[in-house]
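Take a look at the structure set out below.
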Amino acid sequence: MEISSFSIYQSSKNILTNATNQVSNAYNSAMTIVQDTYDKTVNIAKDAYGSVVSKVKNAYITCTNYISGVVSSIINQFNPFGNSQLSDYQFESDGSWNSLPTDNNPSSRTQIPKPDPN
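In the UniProt record's numbering, the protein residues as written are 1 to 118.
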């Protein structure tokens, strides 16, 4: 049985081609896994960051409104006319201040007696 140089070349070429394809497939699989893991990690980090920012923002607004309410309450205790400019505004989530409706209930306001016409 005679083995020609062409058959040795062809056999070696097939072995190298198969090995190259296997290495390429392994590399592509590894890169796909790495990219998927990276994408998932980035999304987890973005979601966590967004959640923390939202919670901190809400805590800030809640604290600001609470402090504003306390200050307004203290001012109202010392204001003989019963209404305060501070109590008419409230901090909003977009960073602005919104005017709140004032209390039009006359029984909650300090009444000034009318002079006696006699």
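Glycine residues also receive a C-beta, built at the ideal position from the N, C-alpha and C atoms.
Remember, predicted model here, so these are calculated numbers, not experimental data.
Item to check | Residue range of the alpha helix (DSSP H) that includes N43 | outcome: S5 to F78
Checklist entry - Should S72 go down as buried or exposed, given a rule of 16 or more other Cβ atoms within 10 Å for buried? => result Result: buried.
Item to check | Cβ-based neighbour list, S5, same chain, cut-off 6 Å, excluding 5 preceding and 5 following | outcome: Non-local C-beta neighbours of S5 in its own chain, meaning closer than 6 Å and more than five positions away in sequence, are absent.
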